[in-house]
Amino acid sequence: MVKNCFHLLLFVAVPVLLGMTFKETPKPIVLAYVGGFRGLVDTDQIMAEKLTHINYAFVDVKNNRAWLHSLATDTTNFRRLNSLKKRNPDLKILISIGGWAWSENFSDAVLSDTSRLSFAQSAVDIVRQYDLDGIDIDWEYPGMKGEDNVFRPEDKQNFTLMFKALREQLDALKQQTGKRYFVTTALPGFKEIFVHTEMGKLHPYLDFLNVMSYDFYVNGPKVGHHTNLYPGGGVENEQSGERAVQLYREAGVPMEKLVLGLAFYGRGWELANDNHKDAPRQAVKTNRVGGYTFIKDSLLTNPAFVRYWDRKAKAPYLYQPEQKFFISYDDEESVRYKCRYAKKKGMAGVMFWEYFNDPKGYLLTEINRQFQ
């Protein structure tokens, strides 16, 4: 009898102790930006089972409201993207508002209590009408001109108040539907953004923050790795994914809210000389490159291009010596290091721009392999 009681006690106590000891780890975020600017989205090409979130890019800002540029195309795309939930019921679909080309009216839209409310309500109306899962803000950039945008010193506080308004409106919608809604943002990896934002005040309104740890170099004349995880050396105050994460942590954003950005595309330049290994490199011309599927299938198979691996930066690059053509990009190896970094540091996961830059899914497959 005593022995049986002991076994019964053990049977009850062990699960309780295990429950107290082990906490289930959240599934890593794997977020894809999907471009509606291309037209109708071919969802048959999207590997929905390998994603947790899709951010639909982009919704514009016009007359202090979130505005669909092409109503017929956008609404069809919303319906198509929602249909992916048949294959992955846990998939979340968000609208991403702004982007590089459509950030010019943010400053006006959030300037006053009235305009902020109008903007937030219009954005939430889109979420409600098309049964979406949340709102991502890609303002490039508050307090800075971006692509010759309107900007003001007041953007700093209004940026925070905008997220407060969005959260309040989505929470009100939740009361009606019982559904959880997401508020997220995409922000750059350079330090100037912290002068014009209040990260410690705004992050409580966010579910997570997408760190755009790419485009470290764009137009030149100095160029180098545009999406390196670590500094490669030779450049003062060199930008990197790790440095971007550190800056957000120092600004008060919890590690578990940070999502590390990956580039599914390359950036290329014609160098001024043949010293492609010397940093910083000098460029005389910017060259269009394309996405990773093109890089892997067409450039890596071309003997004129040589792949190099920067061990310090954990970043690949291609070089074509005849034209002094330097290409910076992410590949399976660099993605592997980034995913491992995100896991080791306790980050929320990874995101990438843009899904159809790698329609064959080379990099997405590697992401999933690392997060299994």
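Those letters in the sequence shown? Residues -2 to 369, per the working numbering, in order. Glycine residues also receive a C-beta, built at the ideal position from the N, C-alpha and C atoms.
- Per DSSP, the beta-bridge partners of Trp350 are Ala260.
- Looking only at Gly36, Asp307, Gly265 and Val38, the smallest Cα-Cα distance to Asn225 is reached by Asp307.
- Around the C-beta of His222, 16 or more other C-beta atoms lie within 10 Å, and the residue is accordingly described as buried.
- Using a Cβ distance threshold of 9 Å, Arg35 and Phe302 do not count as a contacting pair.
- Boundaries around Asn284 are those of the beta strand (DSSP E), Arg278 to Gly288, since no alpha helix (DSSP H) includes it.
- The alpha-carbon of Glu46 is positioned some 27 Å away from that of Ser295.
- CA-CA distance, Glu165 to Ile364, rounds to 34 Å.
- For Arg333, the enclosing alpha helix (DSSP H) starts and ends at Glu329 to Lys342.
- Inside the region 97 to 175, DSSP marks whole alpha helix (DSSP H) runs of 4 or more residues at positions 103 to 106, 110 to 126 and 152 to 174, from first to last along the chain.
- By alpha-carbon distance to Asp105, the top candidate from Ile134, Asn155, Gln243 and Leu68 is Asn155.
- Out of Asp355, Gly343, Ser237 and Cys336, the CA that lies nearest to the CA of Arg366 is found in Cys336.
- Contact check for Phe187 against Ile26 fails: the beta carbons are separated by 9 Å or more.
- The criterion of a C-beta distance shorter than 9 Å is satisfied by Gly143 and Ser100.
- Look at Pro201 here: in three-state DSSP terms it is helix.
- In the DSSP annotation of this structure, Val56 is not part of any alpha helix (DSSP H); the continuous beta strand (DSSP E) holding it starts and ends at His50 to Lys59.
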